[in-house]
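2 protein chains.
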Amino acid sequence: MSGSPVQGDEGMWLYSAAPKEYLKKKYGFEPTDEWLDHVRLSSVRFNSGGSGSFVSADGLVMTNHHVGADDLQKLSTKENDYLKNGFHAKTRADEKKTTGLELNVLQKIEDVTAKVNAAVKEGMSAGEASDARRKAIDEISKAGSDVEKKVRTDVVTLFAGGAYHAYTFKAYTDIRLVFAPEQQIAFFGGDPDNFEYPRYDLDMCFFRVYEKDQPAKIKHYLKWSEAGSKEGELVFVSGHPGRTNRQNTLAELQYLRDVQYPAQLALLNRREVLYSSWGERNEENRRRVKDDLFGVQNSRKARMGGLGGLLDPKLMARKEAAEKRLKDFIAEKGLKDAAKAFDTIATAEQTRRAIATGVNMFENAQGFNSASFGIARVLLRASEELPKPSGERLREYGDARLPSLKDSLFSDEPIYEDLEVLKLADSLTHFATTYPDSETTKAILAGKSPRERAYELVSGTKVRDVGFRKKLFEEGRAAVNAANDPMIELARLIDAQARKVRKKFETEVEEPKRQAAAAIAKARFGLDGTSTYPDATFTLRLSFGTVIGYSEAGKQVAPFTQMGGLYERSAEHKNQPPFDLPKRWEDRKGSLDLQTPLNFVCTADIIGGNSGSPVINKAGEVVGLIFDGNIQSLVLDFIYDDEQARAVSVDSRGMVEALRKVYDAHDLANELTGKK
Amino acid sequence: MSGSPVQGDEGMWLYSAAPKEYLKKKYGFEPTDEWLDHVRLSSVRFNSGGSGSFVSADGLVMTNHHVGADDLQKLSTKENDYLKNGFHAKTRADEKKTTGLELNVLQKIEDVTAKVNAAVKEGMSAGEASDARRKAIDEISKAGSDVEKKVRTDVVTLFAGGAYHAYTFKAYTDIRLVFAPEQQIAFFGGDPDNFEYPRYDLDMCFFRVYEKDQPAKIKHYLKWSEAGSKEGELVFVSGHPGRTNRQNTLAELQYLRDVQYPAQLALLNRREVLYSSWGERNEENRRRVKDDLFGVQNSRKARMGGLGGLLDPKLMARKEAAEKRLKDFIAEKGLKDAAKAFDTIATAEQTRRAIATGVNMFENAQGFNSASFGIARVLLRASEELPKPSGERLREYGDARLPSLKDSLFSDEPIYEDLEVLKLADSLTHFATTYPDSETTKAILAGKSPRERAYELVSGTKVRDVGFRKKLFEEGRAAVNAANDPMIELARLIDAQARKVRKKFETEVEEPKRQAAAAIAKARFGLDGTSTYPDATFTLRLSFGTVIGYSEAGKQVAPFTQMGGLYERSAEHKNQPPFDLPKRWEDRKGSLDLQTPLNFVCTADIIGGNSGSPVINKAGEVVGLIFDGNIQSLVLDFIYDDEQARAVSVDSRGMVEALRKVYDAHDLANELTGKK
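These protein sequence lines are chains G and S, in that order.
Residue 529 in the numbering used here is what sits at position 527 of the first sequence, and the numbering runs on without skipping anything.
Residue 391 in the numbering used here is what sits at position 389 of the second sequence, and the numbering runs on without skipping anything.
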């Protein structure tokens, strides 16, 4: 057995198992329990997804603009678009109360593995064991929760079931908006600069937690570093990484590399060209297709980044070595289930390759890309599924999911007929070239060209009428059949094939993989125990790294950008969107110190969900605010890399400079820097 | 035997076999021989590709701005960019002499089929027969040509060898630029409006032919219609369609529909996203990638249009019926070669499907998309091919092709290192995901990620130095081997595989298809003779059709656009490129009659090469100027359609209105309209 399971500054560490020794050895800094408790208690989880931190004794919370975006949107009115134009509460009385937002602070971590496992008795079937575990977990949660006191205990599953920890949170529910800059400056550079570096974004937003209508008194909050960080400095990131797949086997990574990512990229490229060329035809098209276009561009970059990593032979070699180390251990210990599990996964991945196109075109409806088809299929399937007992339905029609299904089915979001025709015509073309001359293609096209047929379907269906949807949903199968709606009939035409391929996927891919993964996870836990970190699960983690640039295509990319660079980049693009500056930033240019650092990168191990995490120095002071990763960091989903992968942050100095000189937000800047 | 070989207003007719009867029957208009001679002698072929017409007795020639673009570019200086800013010769003395441009007028057509075939004697081998035919053709050409008198005779092969016609041209070589508008207005709407309709382009350009330093006196020229055309009117188009593939068998069309077009579109989408996202990063990127981006966008639209037609079951049903009609004739006449030919082609197309990816990735170098790789491979292959006898070399290295090979190899066109890395990294990614885990992929990547490896190759090669290329090309194999250049070594690494798949394509696809197509063409000629029209061959043809709109996605598209629409479209896009108007057009808006028709569509059967063709009414007067087809017209490559396919023209009224009111070009307008 050789080699460490982690490499360099790798790791999204549990607070209960921080890598103290490694830090001491490499950085000469050993965080004390007090330091760890303080940082943990200063860290905040947004129930809307995302991270944050307390940054004043008066309950001030720092996060990203894009984490707060939903709330900015909800608080906006026709007259005041806070998402676009920003918001600044001049006094505490002006702070705006959000709805639905809840912030959680992790008070206590308890290892309850033994308790949970004790519920499983000899001789129980897999199903009984699972039920027994769930019951034990429910009891622990219930015992540790107190709605009155806003205390909640969650039992989190770590190491794919190797450990269970009870996390006890304090919940804050009165959250008020304090400050947000304009979206233009928060997301300066838009898609072209998304996932890129150098970067010039002020992606920040401040809220305040209240208790009993007063700003909450907070004992543990992070002090501000006005000096910021320096190149080469050790920094920490405390936040809630959402999900990683670092335990994927080689066969799984190969599937992603060879099939899934290339197929997704081909589809994303196809749609990006379709949407952007249509958007360029006129202003109204552009407005209608904007969200779809941003979605595909964002995904395209994410997939490109991930694929780039998977195609790096050096990273794959590390994965191979790690898999070999684990397999050697399994062989040595004679763990039969785990030994077989690798083959089970490989076989499942082969099946997945064989059915991928069918799953995508039929069940994932890539051949019928349109909101109208999506609605039509839900109406059809709901009419068939709802009469069954909940447990026997397709899972998204189960009783527990019905409220959100209805929410989405009855949403009155606008659906544009011309955009629907565009999308459906292109995807019918995709379908027809994927299954040329097939009976299904002939039946779908019904003797027409994809373009003509798409128009016929979209203009002929009534599913864009919310009232029609409600009626069919409530009246059920007979009404759905009687409607004779062309889009519903299209959904019906392909539904047997869609269900068949889905079933094959669930029974021959998903389920065997789930079981095999559990066996491998158990073996891995036997090998490394808690000496390493578990895959991300949107629970609080501590990462660390160095503020340092990187080399890309022969060019050295410096770790820091400055405010002056923001103006240069805007001028380079003639101040045209998405490189246009808010007027306020143009007016105040003269008063800014253009040397002030604005963004910086470090090697900390982060992933989606870490947005809004504070970047902290050894003294526990805020030196930055995580808001993105560069494109090379997207491989962190599978494997840590510190050669080019970087976390991207707003600099503490840039934040304060902007608050004072651009926004005249001196009270807020004083509160952050402890000057009030 | 049933059914006509042509449908509706189909046909790119030979002047020697105009469909007089059909015209008489359907339109009550029978063109006289005099009418046909006059229009033919007024028609002009540009040797640079494209069509034109005489429009005054003083040798004035009308064509498209995009046909004249090369000459506008060549005549431009640092101070005067005529391509971009336009040109207007105030007096004849100001008209600017072009270089290299030659215009041809078709004087005489003679059927020499018997003469050519008489050269083939009983008992000759296929090679001997071909040589004998070539010799006879050379003799006819020589006898009919007189360099002094600028008379040239070409023998053109029609009906794939069913007929040979001797075309005698008068050549004009002193061609001077008279007028061109700004490129902005000639190509208003850029890529978004390319191949679309409604349209608002003034895509026109005027030259004048000179003889003995004086404007040539021209007997046959087209008079101008100030009244223009009306909806429902019969119009004619006289021009030089470049190439059509209407004799393709169903198997060939299915290959295009199922394999080639989808693969090309996937590649074009991939590159369009790559180039446009890189271009959006900054102004310099945008400049560097502009030509590549326009190229892929233009091709993407062309392929989409073609694929849309191939996926139309109605069009394919017509193709099936036509093939059945021919096969019935073949069976009836017992034509064994032709009967076998359909299977031969079907088999060849199956082989082509099997090797398409290999041909694309290796021989077409889609896996190594960069100018540097292209140069490196030419250097490598030249060093291997040139020592062989010319006839045994890869065809592009034959003696006859060497001058153009060297021209292109030693061109000092700028090659941008960063753009090269971008393109190569993406195409190496494409290669690696196409052949995952293959030995070739491993060898190509040499342990690096595609991005790192692309940088290493591009920064390490010397092939961007023209001196280096000349040296290696002249010194030959030993020097190429000794150079140890990384890009040349990459070309060497994959060359055996590239040559192998190319050979398979040439021997198992190309050659059997050529022979089979000849047998089918012979049978078809036996069936229809000259009662129909031959595939386009860049020889003069007459098409006709109706000025009429069409219906698209439930909307009726009107046949005419007006000048007012141009201003509306520009305003809709806030006058931003490519919808910005030249200043002159903004200044003169008030003096224009905004109701003046600017562009219109008709059902005439055209294809690339028809650009610049005059659109003529029954009186032989110019009512328009062909400059594009709509996206549905792109299927005309394979099959005529008049449901949605339309030719797009500039209106004669819009041209004169612009000349007078925007450009103060009254002399030119008077010359066109016969008012001087």
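The beta-carbon is built from N, C-alpha and C at its ideal position, and this holds for glycine as well.
Keep in mind that this is a model prediction, so the values were computed, not measured.
Rounded separation between residue i and residue j - CA only
| i | j | result |
| --- | --- | --- |
| N106 (chain G) | D644 (chain G) | 31 Å |
| K287 (chain S) | E233 (chain G) | First, the amino acid is wrong: residue 287 (chain S) is Asn here, not Lys. Their backbone Cα atoms lie some 30 Å apart in a straight line. |
| L62 (chain S) | R178 (chain S) | 9 Å |
| K214 (chain S) | T175 (chain S) | 11 Å |
| H575 (chain S) | F581 (chain S) | 6 Å |
| G592 (chain G) | E228 (chain G) | 21 Å |
| R403 (chain G) | F31 (chain G) | 48 Å |
| Y17 (chain G) | L542 (chain G) | 7 Å |
| E513 (chain G) | S132 (chain G) | 15 Å |
| D497 (chain G) | R397 (chain G) | 16 Å |
| I550 (chain S) | E254 (chain S) | 32 Å |
| R135 (chain G) | A116 (chain G) | 11 Å |
| G556 (chain G) | P438 (chain S) | 27 Å |
| G679 (chain S) | E198 (chain S) | The requested residue 679 (chain S) does not occur in the structure, where chain S is confined to residues 3 to 678. |
| E673 (chain S) | S58 (chain S) | 7 Å |
| V43 (chain G) | K620 (chain G) | The question names Val, but residue 43 (chain G) in the sequence shown is Leu. Roughly 16 Å between the two C-alpha positions. |
| E394 (chain S) | K144 (chain S) | 29 Å |
| H668 (chain S) | R655 (chain S) | 14 Å |
| N612 (chain G) | G241 (chain G) | 5 Å |
Identity of the residue in the options nearest residue i by Cα
| i | options | result |
| --- | --- | --- |
| S279 (chain S) | G:N196, G:S374, G:V549, G:Y263 | G:N196 |
| T539 (chain G) | G:L38, G:P243, G:Q352 | G:P243 |
| L74 (chain G) | G:G369, G:E458, G:M206, G:L295 | G:M206 |
| L474 (chain G) | G:H167, G:P217, G:I332, G:I377 | G:I377 |
| E351 (chain S) | S:E508, S:V465, S:A341, S:S613 | S:E508 |
| R494 (chain G) | G:V503, G:N483, G:R504 | G:N483 |
| E659 (chain G) | G:L600, G:G631, G:E415 | G:L600 |
| G336 (chain S) | S:K80, S:V157, S:I522, S:R662 | S:I522 |
| P616 (chain G) | G:T359, G:R455, G:S55 | G:S55 |
Residue(s) in a DSSP beta bridge with residue i
| i | result |
| --- | --- |
| L62 (chain G) | G:R210 |
| N601 (chain G) | G:T563, G:V652 |
| V549 (chain G) | G:C604 |
| Y169 (chain S) | S:I111, S:D156 |
| Q216 (chain G) | G:E213 |
Closer than 8 Å at the beta carbon, the chain G residues around residue i
| i | result |
| --- | --- |
| R259 (chain S) | T435, P438 |
| T431 (chain S) | L309, G310, L313 |
Under 9 Å from the C-beta of residue i: neighbouring residues of chain G
| i | result |
| --- | --- |
| E285 (chain S) | E574, H575, K576 |
Closer than 9 Å at the beta carbon, the chain A residues around residue i
| i | result |
| --- | --- |
| S461 (chain G) | Absent from the structure: chain A. Protein chains present are G and S. |
Under 9 Å from the C-beta of residue i: neighbouring residues of chain S
| i | result |
| --- | --- |
| R662 (chain G) | Within 9 Å Cβ-Cβ: nothing; R662 (chain G) doesn't reach chain S, min ~30 Å. |
| S279 (chain G) | D193, P194, E274, Q299, R302, K303 |
| A128 (chain G) | Here the premise fails: no neighbours, minimum Cβ distance about 35 Å. |
| V423 (chain G) | A555, G556 |
Partners in chain S for residue i, counting only beta-carbon separations shorter than 8 Å
| i | result |
| --- | --- |
| L447 (chain G) | L313, P315 |
| Q256 (chain G) | P438, D439 |
Proximal chain G residues relative to residue i, where beta-carbon distance stays under 7 Å
| i | result |
| --- | --- |
| S451 (chain S) | G310, L313, D314 |
| P264 (chain S) | T435 |
Contact the segment 48-59 of chain G vs the segment 100-117 of chain G: 3+ CB pairs below 8 Å: Contact between the segment 48-59 of chain G and the segment 100-117 of chain G is present: three or more C-beta pairs spanning the two stretches fall below 8 Å.
Could you tell me whether the segment 259-275 of chain S touches the segment 262-278 of chain G, using the rule of 3 or more Cβ pairs below 8 Å? Taking 8 Å as the limit for Cβ pairs, the verdict is that the segment 262-278 of chain G does touch the segment 259-275 of chain S.
Contact between the segment 610-626 of chain G and the segment 645-658 of chain G is defined here as three or more beta-carbon pairs at a separation below 8 Å; is this criterion met? Touching, per the Cβ criterion.
How do the segment 308-326 of chain S and the segment 293-300 of chain G stand: do at least 3 beta-carbon pairs fall below 8 Å, yes or no? Short answer: they don't touch.
Are three or more beta carbon pairs between the segment 181-191 of chain S and the segment 54-68 of chain S nearer than 8 Å? Taking a contact to require three or more Cβ pairs closer than 8 Å, the segment 181-191 of chain S and the segment 54-68 of chain S qualify as touching.
Count the C-beta pairs between the segment 336-348 of chain S and the segment 659-678 of chain S that are closer than 8 Å, then say yes if the count reaches three, no if not. No contact exists between the segment 336-348 of chain S and the segment 659-678 of chain S.
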